[in-house]
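Residue numbers (our numbering): 16 to 878. Read through the structure below, which is laid out as structure tokens, and then see the notes.
If you want it as structure tokens, here you go:
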């Protein structure tokens with residue numbers, strides 16, 4: 016560090032300390048510029064003024080837009096909203112709104128930077144919300160040829176998160192601190208908004224909040240700008256003003272260190288957790304941002320503790336920042352993605368947080384506002400234990416955590432809580448069929464016509480209970496063997512009941528619900544996808560095959576995800592929360608069901624779309640839900656919704672990679688998309704050890720390579736080859752074995768057992784390559800209607816490759832078909848080009864009265 020830099024730091028620290036003590040100090044000094052290390056997952060692009068942008072940590076968040084405006088939260092308090100900058104120069108009579116100058120953004124996990132570009136100045140405003148501090152800072156990096164004045168305007172709030180409330184808010188300018196002090200009648204909650212460079216603003220009422228926005232100005236000369244960064248600081252406290260002052264001083268004196276702490280945290284998330292390398296760098300980047308989006312959902316509240324919230328988004332003039340409070344069911348659903356990249360400590364802390372809120376009868380908490388420290392949340396409000404599915408999901412989540420960690424002590428410690436959860440679930444079987452009933456347990460679908468008073472049991476509640484009963488048998492083996500017969504009997508009864516009551520083989524459908532009169536509600540939704548993925552429905556049923564068809568087709572499917580309710584239903588409403596909107600988290604389950612059911616081409620359609628959603632609206636985050644008719648989030652959608660990201664991350668890791676934890680190791684059933692030649696999976700986590708796996712397509716077969724840092728980790732890799740592949744003969748010495756033909760499998764399957772340890776292992780599976788179909792389509796664009804060619808199923812039967820397709824009526828689609836052997840004839844398409852073994856096809860869709868029509872591609876294979 017140079018002498019000049021040391022002097023600046025010393026002067027800044029002295030000024031901050033003096034201000035915090037209420038004493039005059041030396042003139043303010045800018046914060047010395049510090050290096051921002053290159054971040055390989057930074058998203059840089061033109062500013063889109065209406066698009067969501069965020070900087071957040073464990074205890075605070077700036078939620079705003081790419082025009083540079085934002086609201087600030089220091090949990091559980093909304094400190095301010097509509098903070099925006101404008102810029103004054105001698106050449107202009109009025110300040111220039113920053114929104115009109117926002118030219119580009121640099122979005123990173125550790126910070127967000129908005130560039131304001133003008134002919135006479137450039138200002139880079141970096142939002143830095145430290146990892147674990149009760150506040151945030153905006154760092155202005157100014158380059159100007161003449162003095163400029165930055166005008167900071169905002170509306171102070173100091174309001175706790177919905178539905179709590181405080182009274183008597185007031186604000187005043189403290190000329191010693193150079194900050195607005197915001198307080199309320201009790202004196203317990205306070206906030207600071209200011210800058211050491213702040214000029215004394217016009218007076219405002221001291222006994223309440225002003226009607227007009229609060230504001231202050233910062234005058235920056237070229238000389239000051241050359242010396243460093245000019246800060247704007249926002250802090251708050253629920254323990255009176257002094258802690259806010261201390262945080263204010265720390266942010267000013269330690270911005271460099273706090274930036275590096277945040278950078279280091281996200282670097283570890285990137286480099287120490289599971290990551291992927293594929294030929295599609297968009298997928299790799301989307302997965303890295305999925306980890307970031309989920310990690311940012313783990314927050315700490317000074318009244319309640321630390322756990323996973325459901326999502327973040329601007330609250331505007333309300334006190335609800337998206338779904339920025341704690342949710343039980345969302346936590347358990349998100350755990351499937353979080354565990355897939357190895358962040359088991361976050362799952363453990365989240366389970367502990369929720370166990371503390373288990374109701375006396377065993378029911379698990381649905382939601383907990385971050386404002387609950389001010390009110391009697393569970394006693395006076397109806398939302399705390401609102402959902403039926405949360406309690407069985409809790410049992411599943413605990414079992415999954417124990418399986419991934421091998422922590423038997425944890426299982427035994429949680430067993431009393433598991434028994435309470437079990438007793439509650441069992442008590443809700445009103446009709447005695449072995450399934451939980453919505454009539455006693457509560458709802459799963461919150462709104463819309465599907466939420467009928469006539470529903471006895473919906474398919475999702477029946478599914479999660481059936482799996483929870485099986486999970487309880489696994490836990491009982493560890494914690495209470497005497498309970499094992501009870502759990503086994505319940506699991507057997509539940510599985511028999513759900514298959515008997517929900518599967519309609521005659522009509523090839525899985526019912527959405529069983530009504531009180533015993534009949535099935537036949538509305539086509541994608542909720543049954545979860546049960547197919549989790550193996551609750553017995554394979555081989557026509558109802559399951561029919562459901563897989565529907566998941567792949569255009570009634571439920573769009574180019575950007577799965578609709579909750581089929582477009583073909585008379586209840587369909589494209590903007591309805593539960594009756595037609597497309598939900599990314601359900602799209603993930605649709606993909607997982609299709610992979611499980613041997614439909615990898617159809618599954619990939621959803622994964623491909625979900626990856627695009629990571630970048631289309633909010634950069635790095637996936638919105639809660641989108642219109643069912645066109646690619647655009649609906650107005651009520653939360654822009655950073657954790658379970659939306661989970662839809663992508665789970666489908667990628669547990670569908671494309673095929674990751675599954677077992678009692679003895681990891682099972683992988685990878686499904687490489689047709690265009691991929693390799694898949695590298697780094698740092699798969701299992702019980703304290705890590706495994707690296709590479710799967711590579713090569714001439715004459717596939718190879719699997721594995722190594723690890725400890726262990727070894729036992730890997731059971733099951734490869735599904737493309738349709739038409741022919742395996743070479745296998746023996747013990749080859750390291751793999753062919754599996755018996757399985758109904759529904761996309762192609763031949765082989766098992767490759769490996770030990771991932773310090774000594775690498777490589778196994779090559781010799782086979783004649785099969786057929787790969789690759790539809791060609793442009794990237795998704797906002798406002799698009801669904802139009803892509805849909806692959807419903809593809810298989811080789813009796814020497815004929817058959818792909819069942821669906822497309823827009825009267826349209827011709829382009830697809831690439833890799834057929835590495837002779838072809839006798841192609842039916843249902845015209846070959847319009849050839850590149851080696853790849854044939855370029857034009858596939859016509861028949862004209863007709865509807866929007867979509869079926870087509871079949873047949874390729875008769877030669878010798």
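Don't be surprised by glycine CBs; every beta carbon is placed ideally from N, CA and C. No experiment lies behind these values; they were computed from the predicted model shown.
- As a beta-bridge residue in DSSP terms, residue 707 pairs with 722.
- A contact between stretches requires three or more CB pairs, one per stretch, nearer than 8 Å, and the stretch 354-370 meets this requirement with the stretch 682-701.
- For the pair residue 105 and residue 148, the CB atoms are not nearer than the 8 Å cut-off.
- Look at residue 229 here: in three-state DSSP terms it is strand.
- Spatial neighbours of residue 136 in its own chain (CB-CB distance under 6 Å, excluding positions within 5 residues in sequence) are listed in chain order as 159, 163.
- Counting along the chain, no alpha helix (DSSP H) covers residue 103; the unbroken beta strand (DSSP E) around it starts and ends at 92-103.
- Under the three-state reduction of DSSP output, residue 201 falls in the coil class, being neither helix nor strand.
- Out of 102, 661, 851, 95, the CA that lies nearest to the CA of residue 604 is found in 661.
- Judged by DSSP in its simplified three-state form, residue 561 adopts helix.
- For residue 841, the enclosing beta strand (DSSP E) covers residues 838-842.
- Nearest in C-alpha terms to residue 688, of all of 737, 306, 714, 715, is 737.
- When the beta-carbon positions are compared, residue 181 and residue 195 stay at least 8 Å from each other.
- Between residue 326 and residue 337, the C-beta gap is smaller than 8 Å, which places the two residues in contact.
- In this structure, the straight-line span from the alpha carbon of residue 62 to that of residue 74 is close to 27 Å.
- Take residue 530, set aside five residues on each side of it, and the residues of its chain with a beta-carbon closer than 8 Å to its own are 467, 469, 470, 471, 536, in chain order.
- Around the C-beta of residue 821, 16 or more other C-beta atoms lie within 10 Å, and the residue is accordingly described as buried.
- Cα atoms of residue 648 and residue 303: separation of roughly 22 Å, rounded to the nearest angstrom.
- Beyond the five residues adjoining it in sequence on each side, residue 830 comes within less than 7 Å, by CB distance, of 788, 789, 790, 791, 804, 856, 858 in the same chain, given in chain order.
- Distance from the Cα of residue 720 is smallest, within the candidate group 773, 416, 375, for 773.
- Looking at the backbone, the Cα of residue 88 and that of residue 212 are separated by about 23 Å.
- Shown here for residue 120: same chain residues with a beta carbon closer than 6 Å to its own, the five before and five after excluded, namely 62, 81, 129 in chain order.
- In this structure, DSSP gives residue 311 a state outside helix and strand, which the three-state scheme calls coil.
- Three or more Cβ pairs closer than 8 Å define a contact, and the stretch 186-203 falls short of that threshold against the stretch 283-299.
- By the Cβ neighbour-count rule, residue 118 is exposed, with fewer than 16 other Cβ atoms within 10 Å of its own.
- Taking a 10 Å sphere around the C-beta of residue 522, we find fewer than 16 other C-beta atoms and assign the residue as exposed.
- For residue 739 against residue 806, the beta-carbon gap comes to about 15 Å, at or over 8 Å, which does not count as contact.
- As the crow flies, the alpha-carbon of residue 132 is around 28 Å from that of residue 300.
- Sequence-distant Cβ neighbours of residue 503 in its own chain, meaning closer than 6 Å and more than five residues away, are 488.
- For residue 237, the CB contacts under 8 Å within the same chain, skipping 5 residues up- and downstream, are 159, 160, 161, 162 in chain order.
- At the C-beta level, residue 403 and residue 453 come within 8 Å of one another.
- For a cut-off of 8 Å, the C-beta gap from residue 273 to residue 266 is around 7 Å, short enough to register as a contact.
- Between residue 99 and residue 392, the alpha-carbon positions lie close to 34 Å from each other.
- Less than 8 Å separates the beta-carbon of residue 599 from that of residue 576.
- A distance of 8 Å or more separates the beta carbons of residue 307 and residue 55.
- No Cβ-Cβ contact shorter than 8 Å links residue 817 with residue 876.
- With distances taken between CA atoms, residue 640 lies nearest to 595 out of 203, 621, 595, 372.
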